[in-house]
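A quick write-up on the structure given underneath.
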Amino acid sequence: MPDALDPVIHAPARLRVVATLAALDPGDELSFPKLQKLLDMTAGNLSTHLRKLEDADYVRVTKTHEGRTPATYLALTPQGRRAFEDYTEALQGLLRGAGS
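Under the working numbering, the first residue of the sequence shown is numbered 151, with each subsequent residue one higher.
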């Protein structure tokens, strides 16, 4: 079990993003506007946090077009899913330790 909480995921906004994407089945995607609405975040704020998660290879960002309209889809990578699992295990360990 990891000793420390992953600083990339630990930021509250990024934790909300990763937790939401982790609730999807592996390989499933969520559109940017849907995630933005679910998390009640501005487009700029969400984009900034997604960039950090993408730089860490935790989130895959797919840009495409639906007709003439640009569309962005987001998914947790296998590495991102594992990082979230490690994060939750580390957090649970900390909470168990705090209760001792």
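Don't be surprised by glycine CBs; every beta carbon is placed ideally from N, CA and C.
Bear in mind that the values here come from a model prediction, so they are computed numbers and not experimental data.
{"query": "Please state the DSSP three-state secondary structure of GLU216.", "result": "strand"}
{"query": "Note down, in chain order, each residue of its chain lying with its Cβ closer than 6 Å to the Cβ of ALA225, except the 5 sequence neighbours on either side.", "result": "GLU179 and ARG210"}
{"query": "Would you check if the distance between the CB atom of THR227 and the CB atom of ASP205 is smaller than 8 Å?", "result": "no"}
{"query": "I believe ASP175 touches ASP236 by the beta-carbon criterion, under 8 Å. Please report the beta-carbon distance rounded to the nearest angstrom.", "result": "Incorrect: roughly 20 Å between the Cβ atoms, too far for contact."}
{"query": "Taking its Cβ as the centre, do 16 or more other Cβ atoms sit within 10 Å of LEU171, making it buried, or is it exposed?", "result": "buried"}
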